[in-house]
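Here is the structure we will look at.
Chains as they are written, first to last, in the numbering used here: chain A, 150 to 620; chain B, 39 to 415.
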């Protein structure tokens, strides 16, 4: 049996109410709110958060391959799955790959994972899907898009969700597109794009799957259909003969938004959180064609729970407040920079320190036991030289002291929150904070370490760990 | 060491946003004031130590500005203690027996860069490990101190008010403006708990000291001043995971060295006045404690009770301090000597304190501190 052996999800904490767009532009295309990645988040950092939600910081159960799926990876040339592997402290033998360019990237990565498991080339594969798309200001896409991620491990032992069958079609169509140089997607006339880019390929793929398996819509307790908008979702559900109320999985459009390559995976994560053994679920996805999967829930579903999953992440939220802040975070508007030096970076330093920097390992003195970060060759406490082991730092701790630095400022917020964190299990970590509002931080506040983008010094993205109030 | 080296001349430019002065202008102005004060000429110098942190073209910046030919000019860099360390090396030059007359000079030109605050040190920059700004670094300690001893920002504000009052009496200070507690407490935040007026000024400036063997000092002037003791300590303890963030071990160690040379047992009783490193208001409070004037956790009381005002029992930062006089990094250590020298000679004008005999200077670069005790013969 081949299928899902672990899963997790991630939703950014900040949400923007759709009425904020109406206040800005006079138009509101949909109700509810959407999730907004914090200014230091992107597809890679959200993918990391979902992977941690799935397997924990110690990568419980391990993997032989790691696939990252997104249409918004920050590079055209340079792999991002390898960065994810570094932050997750995975062994060099793990095969890493990026799946990009299509909203189907997430489900295509799942198909490849299933093939790898089936062939034995990678008995365990983690597939992480994340997206952070921006619609052009005033557009419906600006309002309906949302940011998030989901992670699934595929394998053949202790399978909780069996993948019984799958069926795919491809369609060459220019319905929605974003060229290399475009910051926002463009689309052809809506009705035509929905009809031939969304409805037709999904209907064809699902029809093919039902024929292949000999099942009918009644055999499935739920159908997971991501959608570019609520009305198209309803139209598709009805056209396929599913009951919109009883069978259709919530497309999360009013709470998170359309999360691109992560949309179908996040809906699947949400479905699994309440799935019972024996249930059959139909999962489909679209984007220059469509993928459809027949899933069966096994008894093992009770044994695998994400750390927070969709449900807890949905509840843990904070209003973004203003449209201007949204534009600033996403760099749609340029703001006055602080009168400070440009941040420094050097790939040679990052490469040299790769053994402990992104995997976040400290030195533990073999003689006196002192834990320190960054690792020290000579112990602060007992002075012994090169007598240490590299130990992963705990990702939780308490604030020993802090400040809010308005001199540093940032292109994205008025101040840089910074803390000295006493980590659980030893070690001090001096860090920038993330997701802290003015006056929020205090001594003894519990915080957790999250992997985030720090700056673009030397012309590339620099990532590291920040401290965030525990969600 | 005690009483073997004399200060026979000192100079100091106005500190501040010296937009129209280049670094060489300030070096020339500070050096010539010192030469004239000592009654010597540039050609009398046998060696020079230069303290500068951000701006400096090795020893050449001073050799070229002053046209010092074929003598050693050594650049010393030790964060905010650069000037103190240049002074210390000049003293050691005399003590070594190699030289009779030397100069210590410090300068910094910060206002040509168009940046707020101090530039980051390129030598210690790391791509992603967080390196705090000056205020961000000291704020970590101030926050922890305020939490530990249960105080609010008010004692800190009193330091700003005191030092601006003193600086206002000083023509060479960066700012001439009295502050109120209310103004300090409501100023824009720079790095909590430091508002704008809790932070020292970023300034340009230069300062110079002419030193000679004590046994030849009265050939130059009758009111020379003697070096009684000095200390310098680098301490990585602040960076250690065991640091309590309540003070500065480097200051404690440097003061201990200086007091041992000077034979000082009870600094709060024996020292007449002090120029200390008030890079931020809270730092001055910590300095009272780290220098051994008062117990740890009690220094904030001195900020409130007037002990360190011009009229107080132990006046501190009579010239306005880094806070109001300004902080051109490499120039600050020697500027402090300049103020104590003038106070001991009774030449401090409207900010003159009564009958000082022994004064202390103290600079602090968080992990490095320099302390010097100078006094009347």
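Each residue gets a CB set at the ideal place from its N, CA and C atoms; glycine is no exception.
CB of residue i within 7 Å of CB of residue j, strictly
{"i": "residue 207 of chain B", "j": "residue 408 of chain B", "result": "no"}
{"i": "residue 47 of chain B", "j": "residue 76 of chain B", "result": "yes"}
{"i": "residue 568 of chain A", "j": "residue 599 of chain A", "result": "no"}
{"i": "residue 415 of chain A", "j": "residue 299 of chain A", "result": "yes"}
{"i": "residue 236 of chain A", "j": "residue 243 of chain A", "result": "no"}
{"i": "residue 340 of chain B", "j": "residue 346 of chain B", "result": "yes"}
{"i": "residue 505 of chain A", "j": "residue 542 of chain A", "result": "no"}
{"i": "residue 350 of chain A", "j": "residue 318 of chain A", "result": "yes"}
{"i": "residue 83 of chain B", "j": "residue 100 of chain B", "result": "no"}
{"i": "residue 90 of chain A", "j": "residue 475 of chain A", "result": "Summary: the structure shown does not reach residue 90 of chain A, with chain A confined to residues 150 through 620, and so no result is reported for it."}
{"i": "residue 219 of chain A", "j": "residue 280 of chain A", "result": "yes"}
{"i": "residue 395 of chain B", "j": "residue 268 of chain B", "result": "no"}
{"i": "residue 458 of chain A", "j": "residue 502 of chain A", "result": "no"}
{"i": "residue 260 of chain A", "j": "residue 411 of chain A", "result": "no"}
{"i": "residue 536 of chain A", "j": "residue 580 of chain A", "result": "no"}
{"i": "residue 327 of chain A", "j": "residue 334 of chain A", "result": "yes"}
{"i": "residue 165 of chain B", "j": "residue 611 of chain A", "result": "yes"}
{"i": "residue 178 of chain B", "j": "residue 321 of chain B", "result": "no"}
Heavy atom of the ligand PLP within 6 Å of residue i beta-carbon
{"i": "residue 584 of chain A", "result": "The model depicted lacks the ligand PLP and carries no ligand whatsoever."}
Within chain B, the residues that residue i reaches when beta carbons sit closer than 8 Å
{"i": "residue 530 of chain A", "result": "278, 280"}
{"i": "residue 553 of chain A", "result": "227, 229, 230"}
{"i": "residue 523 of chain A", "result": "167"}
{"i": "residue 499 of chain A", "result": "165, 166"}
{"i": "residue 533 of chain A", "result": "Within 8 Å Cβ-Cβ: nothing; residue 533 of chain A doesn't reach chain B, min ~14 Å."}
{"i": "residue 317 of chain A", "result": "Going along chain B, no residue has its Cβ under 8 Å from residue 317 of chain A, so there is no contact; the nearest lies around 40 Å."}
{"i": "residue 606 of chain A", "result": "165"}
{"i": "residue 592 of chain A", "result": "181, 182, 185"}
Residue i - containing alpha helix (DSSP H), residue span
{"i": "residue 391 of chain A", "result": "First-last for residue 391 of chain A: undefined, no H or E at that position."}
{"i": "residue 201 of chain A", "result": "192-204"}
{"i": "residue 128 of chain A", "result": "Here chain A covers residues 150 to 620 and nothing more, so residue 128 of chain A does not appear."}
{"i": "residue 176 of chain B", "result": "172-187"}
{"i": "residue 614 of chain A", "result": "Unbroken run through residue 614 of chain A is the beta strand (DSSP E), 611-618; no alpha helix (DSSP H)."}
{"i": "residue 229 of chain A", "result": "Counting along the chain, residue 229 of chain A falls outside any alpha helix (DSSP H), and DSSP gives it neither H nor E."}
{"i": "residue 374 of chain B", "result": "367-382"}
Extent of the continuous beta strand (DSSP E) run through residue i
{"i": "residue 71 of chain B", "result": "Counting along the chain, residue 71 of chain B falls outside any beta strand (DSSP E), though it belongs to the alpha helix (DSSP H) covering 61-76."}
{"i": "residue 164 of chain A", "result": "163-166"}
{"i": "residue 411 of chain B", "result": "406-413"}
{"i": "residue 313 of chain B", "result": "311-313"}
{"i": "residue 435 of chain A", "result": "429-435"}
{"i": "residue 355 of chain A", "result": "Residue 355 of chain A -> not in any beta strand (DSSP E); alpha helix (DSSP H) instead, spanning 349-362."}
Contact set between residue i and chain A, taken where Cβ atoms lie within less than 8 Å
{"i": "residue 216 of chain B", "result": "The premise fails here: residue 216 of chain B is roughly 25 Å from chain A at the closest Cβ pair, so nothing lies under 8 Å."}
{"i": "residue 327 of chain B", "result": "What residue 327 of chain B touches in chain A: nothing, since even the nearest Cβ is about 17 Å away."}
Contacts that residue i makes with chain B (C-beta to C-beta distance below 7 Å)
{"i": "residue 576 of chain A", "result": "279"}
{"i": "residue 567 of chain A", "result": "168, 170, 174"}
{"i": "residue 580 of chain A", "result": "168"}
{"i": "residue 540 of chain A", "result": "Those do not exist, as residue 540 of chain A stays about 13 Å from chain B at its closest Cβ, beyond 7 Å."}
{"i": "residue 603 of chain A", "result": "166"}
Partners in chain B for residue i, counting only beta-carbon separations shorter than 9 Å
{"i": "residue 611 of chain A", "result": "165, 166"}
{"i": "residue 520 of chain A", "result": "279"}
Partner residues on chain A for residue i, Cβ-Cβ distance less than 7 Å
{"i": "residue 153 of chain B", "result": "488, 489, 490"}
{"i": "residue 158 of chain B", "result": "490"}
Within chain A, the residues that residue i reaches when beta carbons sit closer than 9 Å
{"i": "residue 178 of chain B", "result": "549, 550, 551, 552, 567, 568, 569, 579"}
{"i": "residue 274 of chain B", "result": "529"}
Note to self: Under 8 Å, with one C-beta from each stretch per pair, do the stretch 214-226 of chain B and the stretch 601-616 of chain A reach the 3-pair mark?
What the structure shows: no
Item checked: Three-pair Cβ contact test at 8 Å for the stretch 50-65 of chain B versus the stretch 572-584 of chain A -> no
Note to self: Going residue by residue through the stretch 463-545 of chain A, where are the continuous beta strand (DSSP E) segments of at least 3 residues, counting only ones entirely within it?
What the structure shows: 510-514, 537-541
Notebook entry, point to check: Using 8 Å as the Cβ pair cut-off and three pairs as the minimum, do the stretch 294-314 of chain B and the stretch 144-161 of chain B touch?
Noted result: no
Next item on the list: Evaluate the contact criterion for the stretch 389-406 of chain A versus the stretch 366-380 of chain A: three or more CB pairs, one atom per stretch, below 8 Å.
Entry: yes
Next item on the list: Enumerate, from N- to C-terminal direction, the unbroken alpha helix (DSSP H) stretches of 4 or more residues contained entirely within the stretch 215-272 of chain B.
Entry: 219-224
Check: Using 8 Å as the Cβ pair cut-off and three pairs as the minimum, do the stretch 170-183 of chain A and the stretch 259-270 of chain A touch?
Finding: no
Check: Between the stretch 355-370 of chain A and the stretch 430-439 of chain A, are three or more C-beta pairs nearer than 8 Å?
Finding: yes
Checklist line | Uninterrupted alpha helix (DSSP H) stretches inside the stretch 283-335 of chain A (no shorter than 4 residues) | finding: 289-293
Notebook entry, point to check: So, do the stretch 242-262 of chain B and the stretch 157-177 of chain B have three or more beta carbon pairs nearer to each other than 8 Å?
Noted result: no
Item checked: Contact the stretch 441-457 of chain A vs the stretch 516-523 of chain A: 3+ CB pairs below 8 Å -> no
Checklist line | Every unbroken beta strand (DSSP E) within the stretch 248-283 of chain A, with a cutoff of 3 residues, ordered by chain | finding: 274-280
Next item on the list: List in chain order: all unbroken alpha helix (DSSP H) runs of 4+ residues lying wholly within the stretch 101-157 of chain B.
Entry: 120-133
Note to self: Suppose only complete runs of 3+ residues qualify. What are the beta strand (DSSP E) ranges in the stretch 271-345 of chain B, listed by chain order?
What the structure shows: 311-313
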